[in-house]
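Remarks on the structure that follows.
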Ligand SMILES: [Fe+2]
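Residue numbers (the numbering used here): 1 to 441.
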């Protein structure tokens, strides 16, 4: 190859890297027929023309939706774009690429596809992969999660905070925010092919959550807005037989007394009230946030709302391990031992929220490398190794939760561990907030 051709090729590759959208991730769009798309571009794009081309055949991306917003994000030296695809039909496969028709060469991203989720209450049961504390370095669960994305092991994802670890860090790459960008590139096979729903963790707190706010801005523009929330720090959405609520547990630690805390609690109360009025249609109330109550300051502020408004299960991380607790009544500090069967694999009509810690997806702060049934009588299942869980709501009364260790990347011989839980709730709804009887309920 001639030198001039090599130079041309090198410059084409450079242009491609600079203009080609990447870090693509999806979210539920706020309405049953919509999907939210976030993507980033390294170079200055024509914001008036950037967007997503899509269609039902990879050979015919005959629809184009321009970005509803596009701007420079100095925290990662890149342009962020947000697009909302609407009019999508549940169960249909859509192919898409992000880019700008105004830039005629190498401006389009890799082509991805997704099956439009059926979020109706009559949809077949969906499987939700749930984890927290998932970083760019030591991302032990990444191969299993990517494999699961290709094999259809789960339909969509909840990542309950501590994303990339940390998104604002340069990680030694010499570019501000490089760790966040590389992480979002690494999870594209997962996040560009199904909704990747997030909540903020303590590792997202820097500069008032600026990386979280900007890199997941489509959540604010579409999903949160549809749920009456002003930002992606807290929001809710419906899927299948459940109403899902994402909260920012860090506000209580970092912004105690701040207006943000007040705003979130006001929104949360209104959202829980609305969800309860709709429980004959979507009986399950599932919540997620980065910290469980005993890890956070002022947790009683949200914990008491979750209890009294009848939240069924709450998923968190922060502690880098897996732990399933018995249902817990924060009003009386009592665990509902009566709900658990003999081997604690079924909770029947729990009288409080079921808290689950699933913070071991893998990051540079490794978990304890052992798994066993912890001696705690209030926590039937514990594992200190890497893994993630799958939630599947079978019907109006039965929800199934499983958690498995992922294969270690470092060849270590850590033992396999699994947990399996059925939660059975015959009558979903609010709980009394008064002090309990002799049993604590
Ligand atoms: Fe954390």
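For every residue, glycine included, the Cβ atom is placed at its ideal position computed from N, Cα and C.
Any residue with its Cβ nearer than 5 Å to a heavy atom of ligand 1 should be included. What is that list in chain order? 162, 201, 202, 318
Taking the beta strand (DSSP E) that residue 269 belongs to, which residues open and close that run? Careful: residue 269 lies outside any beta strand (DSSP E), inside the alpha helix (DSSP H) at 259-277.
Secondary structure at residue 325, three-state DSSP: helix, strand or coil? coil
Within the region 289-370, ranges of the beta strand (DSSP E) (whole runs, at least 3 residues): 313-316, 322-324, 346-348, 354-358
Looking only at its own chain, which residues have a Cβ that is under 7 Å from the Cβ of residue 209, when we skip the five neighbours before and after it? 200, 233
Within 10 Å of its beta-carbon, does residue 443 have 16 or more other beta-carbons around it, so buried, or fewer, so exposed? Because residue 443 is not part of the residues shown, which for the chain are 1 to 441, the question remains open.
Residues that DSSP places opposite residue 285 in a beta bridge: 243
Find the nearest neighbour of residue 36 within the set 221, 331, 317, 418, judged by alpha-carbon distance. 221
With distance defined between alpha-carbon atoms, name the residue in 22, 98, 237, 207 nearest to residue 75. 207
Those residues which DSSP pairs with residue 236 across a bridge: 245
As an exercise, report each continuous alpha helix (DSSP H) stretch of at least 4 residues that is fully enclosed by the region 92-157, in chain order. 142-151
Within the continuous alpha helix (DSSP H) that includes residue 210, where are the two ends? 206-215
For residue 10, collect the residues of the same chain with a Cβ closer than 6 Å to its Cβ; drop the 5 residues on either side in sequence, then sort them by chain order. Note that residue 10 has pLDDT 42, beneath the 50 cutoff, so the model's placement of it is unreliable and the number below is only indicative. Cβ within range, chain order: n/a, list empty.
Reduced DSSP category for residue 89 - H, G, I as helix; E, B as strand; rest coil: coil
Can you tell me which of the three DSSP states residue 179 falls into? helix
Give me the Cβ distance between residue 403 and residue 322, rounded to the nearest whole Å; I'm assuming they're in contact under 8 Å. 5 Å
Report the option in 99, 31, 377, 367 whose CA atom is closest to the CA atom of residue 138. 367
Please state the DSSP three-state secondary structure of residue 428. coil
Buried or exposed for residue 14, please, with buried defined as at least 16 other CB atoms from any protein chain shown within 10 angstroms of its CB. Reliability of the predicted coordinates at residue 14 is poor, the pLDDT of 47 falling under 50, and no value is obtained from them.
Which residues in the same chain have their Cβ closer than 7 Å to the Cβ of residue 54, if we skip the five residues on either side of it in sequence? 61, 63, 85, 94, 95, 96
By how many angstroms is the C-alpha of residue 347 removed from the C-alpha of residue 358? 18 Å
From residue 261 to residue 302, what distance separates their C-alpha atoms? 10 Å
Where residue 437 falls, given that 16 or more other Cβ within 10 Å makes a residue buried: exposed
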